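Participant: Every number in the numbering used here is 3 more than the matching position in the sequence shown, counting from 1. Positions of the beta carbon are idealized from the N, C-alpha and C atoms, including for glycine. Note that the structure is predicted; figures quoted are calculated from it, not measured. Attaching a single structure in structure tokens format; questions to follow.
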Amino acid sequence: MEEAVAIAKRQNLDIAVARKQVEAARGSLIEARAGFLPAVISTGLARQREHQAESRLRDQDYNASVRVVQNLYTGGAVSAQNAIARLNIEKQECELQAITDRVAMDVRIACYDSLLDRAKV
Numbered sequence: 004m005e006e007a008v009a010i011a012k013r014q015n016l017d018i019a020v021a022r023k024q025v026e027a028a029r030g031s032l033i034e035a036r037a038g039f040l041p042a043v044i045s046t047g048l049a050r051q052r053e054h055q056a057e058s059r060l061r062d063q064d065y066n067a068s069v070r071v072v073q074n075l076y077t078g079g080a081v082s083a084q085n086a087i088a089r090l091n092i093e094k095q096e097c098e099l100q101a102i103t104d105r106v107a108m109d110v111r112i113a114c115y116d117s118l119l120d121r122a123k124v
């Protein structure tokens, strides 16, 4: 019976989906943590013009800029996003455990029902 439960845990699609949801929740935590980090923004421009004989301007223009942006105060939004992400991980792990327990229970009930049917024959 334990082998049947182990096979069901490995092959059940609901369990596989629940595992992926736990992974997605962990990804959300990484995304929420990024709110504490500075953002780097870069832009660039290159332009080629036709050469004009009477002009003293260069034929190429180049422009580049890099900015670093750091939030100094967010009113607790970043901390709250991190707390929510941690709670979502916990929630998804509980749902995974509930689905795993339900699948194991269903397999055990099916095994016991087949044993009961065999005993009745």
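Along the chain, which unbroken stretches of the beta strand (DSSP E) at least 3 residues long are found entirely within the region 59-110?
Facilitator: Correct list: 63-72.
Participant: Does the distance from the C-beta atom of Q24 to that of Q95 stay below 7 Å?
Facilitator: Counting from 1 along the sequence shown, the entry for residue 24 is found at position 21. Counting from 1 along the sequence shown, the entry for residue 95 is found at position 92. Yes.
Participant: Among T103, A122, D116, D120, which has the Cα closest to the Cα of L16?
Facilitator: The count along the sequence shown starts at 1 and reaches residue 16 at position 13. With distances taken between Cα atoms, L16 lies closest to T103.
Participant: Restricting to Cα atoms, I'd like to know which of D64, R59, A56 is closest to R50.
Facilitator: The sequence position of residue 50 within the sequence shown is 47, counting from 1. Checked all of D64, R59, A56; the closest Cα to R50 is D64.
Participant: DSSP three-state call for A49: helix, strand or coil?
Facilitator: One-based indexing of the sequence shown puts residue 49 at position 46. Strand, per DSSP.
Participant: Per DSSP, which residues does A42 bridge with? Please list them.
Facilitator: Here residue 42 refers to the residue found at position 39 of the sequence shown. DSSP output for A42 lists V72 as bridge partner(s).
Participant: Tell me the residue span of the alpha helix (DSSP H) that contains E5.
Facilitator: As a working note, residue 5 is residue 2 in the sequence shown. First-last of the alpha helix (DSSP H) with E5: 5-14.
Participant: Under 8 Å: do the region 35-43 and the region 70-86 share three or more Cβ pairs, one atom per stretch?
Facilitator: Result yes; three or more Cβ-Cβ pairs closer than 8 Å.
Participant: So, helix, strand or coil for Q24, using DSSP?
Facilitator: As a position in the sequence shown, residue 24 is number 21, starting the count at 1. Correct three-state label for Q24: helix.
Participant: How would you label I92, buried or exposed, when you count the other beta carbons within 10 angstroms and need 16 or more for buried?
Facilitator: As a working mapping, residue 92 is identified with position 89 in the sequence shown. I92 comes out buried.
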